[in-house]
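J.:
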C-alpha cells in the first residue's frame with residue numbers, strides 16, 4: 001500500500017524516477033510557448049537537476065512530460081515513431097491534434113499501468129498554434145493554455161489572475177516564466193532551471209532561464 | 219493437416235494467374251462505369267439500367283461514399299462491391315480514430331487494393347469480381363481518380379472506363395480529354411462517353427453521376443441535375 005499514499009501522489013514504485021514537475025503551455029496568435037522546470041526526483045533525491053522535460057514529436061509539435069519519467073519517455077518515443085511514419089506517408093506536416101490523439105490512445109489504453117500527464121503543444125499549417133492536455137487517465141482537452149504536474153496545484157490562482165486573452169509571444173513567455181518560477185518555489189518536486197520552447201511557423205526557439213535569473217525565488 | 223489452406227489462384231505455365239484473368243472477364247461483362255478528372259474536381263458515372271420495370275430502382279444505388287470526400291463505383295458483381303465498401307469504410311473510420319483526420323484517397327485506395335490482392339493469394343477464396351473507380355478531392359492533393367482491378371493493381375487516371383465496351387469508351391475519352399477541363403465540361407464529356415456505349419435510351423433515371431468538387435464533398439447528382447446536363451449534351 002506504500003504506493004498509494006499522499007506522500008506518493010504518482011504511485012511511484014521504489015526507486016522509480018518521477019518528473020514531479022511543473023509543466024505549462026500557452027497559445028498565442030501563430031504559435032505556442034511550452035515551459036517546464038528541470039527536476040527529476042526519486043523520493044527526496046534529485047536524480048537530475050537539469051533534465052529536459054519538453055521533447056519533440058515532430059518538427060513543429062513538442063510535448064511536456066510529467067509523472068513517471070519512464071512512462072512518459074516511452075509514450076513520447078512511441079508517438080514520435082508513429083508520427084514520423086504518418087507524416088512521411090502523407091508527405092506533409094502532421095496536425096497537432098493527430099499527435100495529441102496518439103498520446104491519448106496510448107495513455108487511455110494503458111491507464112491501469114501508467115502514470116503520465118502530458119501537455120502537447122505545437123503549430124500546424126491547418127489550425128495554427130494549439131495546446132492539448134492529456135492528464136492521468138487519458139482524457140484529451142484542447143485549451144488556450146494548460147498547466148500540469150505536481151507544481152501546478154500551487155499556481156492555479158496565479159495563472160488565473162495573470163492570464164489575458166490575445167497575449168503576444170513575449171507576453172506568453174513572461175507569463176510562463178512567472179508561473180513556473182512560483183511553482184518551483186513552493187513545490188519540492190519542481191526546481192532547477194526553467195526551460196522554454198517557443199514554436200511558430202518560422203521555427204522553434206529554445207530558452208533556458210538559470211536558477212539565479214528566475215523572476216521569483218524567495 | 220487441418221490448418222493447411224491452399225490458394226486457388228496459381229500460376230500456369232505461361233506465367234498467368236488465370237483466376238484473375240477470369241475475374242477481369244467478369245468485370246468486362248459488367249455495366250460500364252467511367253471517371254474523368256478535371257482541374258477542380260472529379261466526376262464518375264455509371265450505367266444503372268435495371269433488368270425489369272418491376273425493380274424498385276429508388277433503392278438501387280451504385281455509388282458509395284467511403285469518407286465524406288471520396289466515393290467508389292464499380293463494374294462487375296454488386297455483392298462483391300458491397301464487401302469492399304464496407305471494408306473501406308471501416309478502415310477509414312479506424313484511420314480517423316487514430317489520426318483524427320480524414321483518410322486521404324491514396325490511402326483509402328491502398329487499403330482496398332491490399333484486400334483485393336490478399337484474395338488472390340489466400341487459401342480457399344476467389345478474387346473479387348469487380349474493378350473499382352475511386353474519386354476524391356482534398357486540399358493537399360487536389361482532385362484524384364483511381365482504378366483498382368481484381369488483381370489489386372491500382373493506378374491513378376486522368377480519365378478511364380471499365381466494364382462493357384470499355385475499350386471504345388477509353389478511345390473516345392482519349393480524343394476528348396484535355397488537361398484544362400473544368401468539372402462542368404468533364405460531366406458533359408462523361409455523359410457523352412456513357413451514351414456512346416449505352417444500349418437503348420439513356421435518361422436521368424437509368425444512369426448515376428457522382429461528383430466531388432472544390433468543396434471536398436462527394437455527392438450523387440439528383441435526377442433533375444442530371445437532366446440539365448443531358449439536355450445540354452443534346
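Protein chains in written order, with the working numbering: chain A, 1 to 218; chain B, 219 to 452.
Every residue gets a Cβ at the ideal spot worked out from N, C-alpha and C, and that includes glycine.
Do you know whose CA, among 120/A, 126/A, 83/A and 116/A, lies nearest residue 33/A's CA?
T.: Residue 120/A is the option with its Cα nearest to residue 33/A.
J.: Do residue 158/A and residue 179/A have their CB atoms nearer than 8 Å?
T.: Against a cut-off of 8 Å, the Cβ pair of residue 179/A and residue 158/A comes out as a contact.
J.: Starting from residue 134/A and walking both ways along the beta strand (DSSP E), at which residues does that stretch end?
T.: Here the beta strand (DSSP E) through residue 134/A covers 128-134.
J.: Would you kindly report the start and end of the unbroken beta strand (DSSP E) that includes residue 40/A?
T.: It spans 40-42 - the beta strand (DSSP E) in which residue 40/A sits, taken as one unbroken run.
J.: Looking at the structure shown, is residue 103/A part of a helix, part of a strand, or coil, going by DSSP?
T.: DSSP places residue 103/A in helix when its eight states are reduced to three.
J.: How would you list, in chain order, the residues of chain A whose beta-carbon sits under 9 Å from the beta-carbon of residue 266/B?
T.: Per Cβ cutoff of 9 Å: no residues; residue 266/B is ~35 Å from chain A at best.
J.: So, does the CB of residue 288/B fall closer than 8 Å to a CB anywhere in chain A?
T.: It does not; no Cβ of chain A falls within 8 Å.
J.: Any beta-carbon of chain A closer than 8 Å to the one on residue 285/B?
T.: For residue 285/B, the answer is no, since every Cβ of chain A falls outside 8 Å of its Cβ.
J.: Please report how far the alpha carbon of residue 304/B lies from the alpha carbon of residue 285/B, in whole angstroms.
T.: When rounded, the distance between both Cα atoms is 12 Å.
J.: Between which residues of its own chain and residue 381/B is the CB-CB distance below 6 Å, once the five residues before and five after are set aside?
T.: The answer, listed in chain order, is 248, 249, 250, 251 and 293.
J.: Opposite residue 141/A in the DSSP bridges: which residues?
T.: Residue 141/A pairs with 133/A.
J.: With H, G and I counted as helix, E and B as strand and the rest as coil, what does DSSP make of residue 61/A?
T.: In this structure, residue 61/A counts as strand in the three-state DSSP scheme.
J.: Touching or not, the region 423-432 of chain B and the region 269-281 of chain B, by the rule of three or more beta carbon pairs under 8 Å?
T.: Yes: the two stretches touch, three or more of their Cβ pairs being nearer than 8 Å.
J.: Could you list which residues in chain A have their beta carbon closer than 9 Å to that of residue 358/B, in chain order?
T.: Result: 90, 91 and 92.
J.: With a Cβ-Cβ cutoff of 8 Å, do residue 27/A and residue 129/A count as a contact?
T.: Cβ distance < 8 Å, so residue 27/A and residue 129/A count as in contact.
J.: Could you check which residue in 334/B, 372/B and 348/B has the C-alpha nearest to that of residue 297/B?
T.: Among 334/B, 372/B and 348/B, the Cα nearest to that of residue 297/B belongs to 348/B.
J.: Going along the chain, which unbroken runs of the alpha helix (DSSP H) with 4 or more residues stay wholly within the region 279-352 of chain B?
T.: DSSP runs (the alpha helix (DSSP H)) wholly in the region 279-352 of chain B: 296-317 and 323-336.
J.: What does residue 86/A touch in chain B if you count any residue whose Cβ is under 8 Å from its own?
T.: Result: 317.
J.: Report the residue ranges of all alpha helix (DSSP H) runs contained in full by the region 148-183 of chain A; include only those spanning at least 4 residues, in chain order.
T.: Qualifying alpha helix (DSSP H) stretches, in chain order: 156-162.
J.: I'd like to know whether the C-beta of residue 98/A is nearer than 8 Å to at least one C-beta of chain B.
T.: Closer than 8 Å: yes.
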